[in-house]
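Novice: One structure coming up, written as structure tokens, with questions to follow.
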Amino acid sequence: MKLKLGSYRLFAVGIIMGLSAAAIQAYSFQIQPPEAFGLAFVGHPNNLFGWIANNLPWVNTLVNFPLHEAFLIYPPLTIVGVFIGSGIAAARSKELKLRPGPVRNRFAAVLLGFLVINFGLLWDCDIRTALLVGYGSVLGLIALIAIAVGVILATVYLRARARRGAL
């Protein structure tokens, strides 16, 4: 069965469904939205590290790392699963090759990686940000605009470097 709706109709259906869900939640049930916490490649490794450290007897007496309440009992093994699954998929398709990256300036690579991971820990995931905007978060809107501006600037920078033949 094929879905033969134009793109405008699909957009209209999405808007109607989103507004209906928001109206029902806001005016019928008087409930708070659930915390937006999905698969994140910054937050989940952070929670995995915290869970492991909190469950080591010689570490948890010294410091107790904060964890997301979803991971108080069981560790977030989603990141481990993603790496194992992607490794198996790459090996089965004969694309698994370990090679050095194209980093020329190692200090800049370390500095940029440090900034990316710290900004990621500060705000977390872009999907979470979009979900928070959907729930009306002004701070989420500011963060989503900052993410979009960063992506646009990075794209312009990489295209300019590619034109010069630097990549």
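To convert, count from 1 in the sequence shown and add 69; that's my numbering. We put the CB at the ideal spot given by N, CA and C, even for glycine. As the structure is a prediction and not an experimental result, all values here were calculated from the model.
For G189, collect the residues of the same chain with a Cβ closer than 7 Å to its Cβ; drop the 5 residues on either side in sequence, then sort them by chain order.
Specialist: Cβ within range, chain order: V111.
Novice: Take the Cβ of G119 as the centre, count every other Cβ of all protein chains shown within 10 Å, and call the residue buried at 16 or more, exposed below.
Specialist: Answer is buried; the Cβ neighbour count reaches 16.
Novice: Rounding to the nearest angstrom, what Cα-Cα distance links I84 and A90 in this structure?
Specialist: Near 10 Å, if we compare the C-alpha coordinates of A90 and I84.
Novice: Write down the C-beta distance between L165 and A159 rounded to the nearest angstrom, noting that I regard them as a contact closer than 8 Å.
Specialist: About 4 Å; that satisfies the 8 Å criterion.
Novice: Report, in whole angstroms, the separation of the C-beta atoms of G209 and V202, which I expect to be a contact under 8 Å.
Specialist: At roughly 5 Å, the Cβ-Cβ gap stays under 8 Å, so G209 and V202 are in contact.
Novice: So what does DSSP say about E164, is it helix, strand or coil?
Specialist: Reduced to three states, the DSSP call for E164 is coil.
Novice: Based on Cα-Cα distance, which residue from A139, A229 and N123 lies nearest to N133?
Specialist: Measuring from the Cα of N133, the nearest candidate turns out to be N123.
Novice: State the Cα-Cα distance for the pair Y77 and G87, rounded to the nearest angstrom.
Specialist: Cα-Cα distance, rounded: 15 Å.
Novice: For L213 versus A199, is the C-beta spacing smaller than 8 Å?
Specialist: Yes, they are a contact pair.
Novice: Only counting runs of 4 or more residues, tell me where the alpha helix (DSSP H) segments fall wholly within the stretch 193-234, in order along the chain.
Specialist: List check, alpha helix (DSSP H) in window: 195-203 and 207-233.
Novice: Between which residues of its own chain and L117 is the CB-CB distance below 7 Å, once the five residues before and five after are set aside?
Specialist: P144, P145 and I148.
Novice: Kindly indicate the opening and closing residues of the alpha helix (DSSP H) around N116.
Specialist: Residues G112 to N123.
Novice: In whole angstroms, give me the CA-to-CA distance for G232 and T224.
Specialist: A quick correction: the sequence has Arg, not Gly, at residue 232. Those two C-alpha atoms are separated by around 12 Å.
Novice: With a Cβ-Cβ cutoff of 8 Å, do A109 and R197 count as a contact?
Specialist: The answer is yes: Cβ separation under 8 Å.
Novice: Would you kindly check if the distance between the Cβ of V172 and the Cβ of A178 is under 8 Å?
Specialist: Taking 8 Å as the Cβ cut-off, A178 and V172 qualify as a contacting pair.
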